[in-house]
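Step one of this worksheet: look at the structure below.
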Amino acid sequence: MIDRPCTVTEITRAVKQTLEIDFPLLWVVGEISQYTIHTSGHRYFTLKDESSQLRCVMWRSQQPGFEPGVGVEALAQGRLTVYERSGYYQLNVSQLLPVGVGQQQLALEQLKARLFEEGLFEEARKRELPPYPTTIGVVTSRSGAAIRDVLNILARRFSSVRILLRPSVVQGEEAAEDIAQGIEELNAHGSADVLIVGRGGGSAEDLAAFNTERVVRAIAQSHIPVISAIGHEIDTSLADLAADCRAPTPSAAAELAVSDAVGLKNRISELQQRALDAVRRLLDENTELLDGYQDSYGLRRVEDLVLQNMQLVDDLQRNLQSVLQQAFDSKLSAYLQLTGKQGTLSPLSVLSRGYSLTHRLSDGKIVQNAGELETGEQLRVRLAKGETICTVDEIVPESPKTE
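Numbering (the working numbering), first residue to last: 903 to 1305.
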């Protein structure tokens, strides 16, 4: 209890402090009345309902999501405070939206806050992209501009990379579930080093699937690093926040996916050229030296020796470039095999010779014995090109071996 009289300013400031602490950022819905725009650019209006009204101010630095007017139902986001000079409380508005759009925005903000609290957007959980990917998984429309852009960029920048497309619906009611399933299926497949998930731009409604909890959780739970490529440079979707890396367009995502690999390729080419130049200089110097010997000595025996050495130099010059090229190609191939999981050590390399790899569809385990199967069980059979789903109709046990 205060044991002395308080000034008006003290009371006003105490009320202001209480309001600002007890009522942080909040949303208020009401009908706009007394709407004016001051010459300073600030907007002053009142939100009211059947029995109450609330004064509001929207500073010039903030812009409403529509052109408001008197009688319009609106949803305002802001913070309560007290205007000390007049002693009334007001809402300092940071966002102003029509009720329909506003409710959607409110739901999105609430989902964003909840997922943020779970840590799904934390930078600490995001992974570095692999420097030298050999397989890139893509979740997008089969016929859209996004996949064409990705294929064009990768063909030009790093043509040796393999593309694994999982076609998906990217807008509409089924899009969120299909996109999430695509991410999960590529994770289960296990051959991709990095995933590109996105589409080639569109309206807010077109991009709604990338603001759903289903897609965000699929990205966050992916064991493979994910690049989001929603194709919308202005707004950041929830999928962008959850992804390990965000690209403004599918083309930019493809560039990011192979940036280190392209750098390595260019560096090797540069070193190769420098080595060839050094060898040519060495050959030129020795040729000049031999020419000098020929001019300096009149003895036929010495001249013959010089001519023989010059012929040897010519032979070396003709052969050395191809030998050096082969050596660099061999080293590069060996390096990419080690870093890129390629080569004959892969169990998948035998598929090109007519073999297949069979997994249980239920748990993904490799089948080695027909006795492990049951009639009616579904299998995934992987071939050199593509896969197929089969159902066991009959189990034929292995015939006993005869001596």
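The beta-carbon is built from N, C-alpha and C at its ideal position, and this holds for glycine as well. Note that the coordinates shown come from a computational prediction; the quantities given were computed from them, not determined experimentally.
Between the C-alpha atoms of Q965 and T941 there is a straight-line separation of about 15 Å. The region 1024-1034 and the region 1128-1148 touch, with three or more beta-carbon pairs separated by less than 8 Å. Per the DSSP secondary-structure output, N994 pairs in a beta bridge with V959 and R981. Around the C-beta of R906, fewer than 16 other C-beta atoms lie within 10 Å, and the residue is accordingly described as exposed. In this structure, the beta-carbon distance from I1055 to A1131 does not fall below 8 Å.
Going by DSSP, L1140 is part of the alpha helix (DSSP H) stretching over L1140 to A1144.
With contacts defined by Cβ atoms closer than 8 Å, I1126 and L1088 form a contacting pair. Taking C-beta atoms as the reference points, V1001 and E969 fail to come closer than 8 Å. Rounded to the nearest whole angstrom, the CA to CA distance from I939 to E1019 is 38 Å.
A straight-line Cα-Cα distance of about 48 Å links G1273 and A1047.
Comparing alpha carbon positions, the residue from V1096, A1009 and V931 closest to V1063 is V1096.
By the Cβ test, the region 1065-1077 is not in contact with the region 1178-1189, since fewer than three Cβ pairs between them sit closer than 8 Å. For E1296, the closest of E1289, E1276 and V1283 by C-alpha to C-alpha distance is E1276. DSSP places R915 within a helical segment (H, G or I) once states are collapsed to three.
Rounded to whole angstroms, the gap between the alpha carbons of T920 and L1010 is 29 Å.
Judged by DSSP secondary structure, P1152 falls within the alpha helix (DSSP H) whose first and last residues are P1152 to A1159. Contact between the region 911-930 and the region 979-996 is present: 3 or more CB-CB pairs across the two stretches fall below 8 Å. Measuring C-alpha to C-alpha distances from V995 to each of D951, H944 and S953 identifies H944 as the nearest.
In the three-state DSSP reduction, T1114 falls in the coil class, being neither helix nor strand.
For R1282, same chain residues with a beta-carbon under 7 Å away, outside a window of 5 residues either side, are H1261, L1263, E1289 and I1291 in chain order. Here L998 is buried, its C-beta having at least 16 other C-beta atoms within 10 Å.
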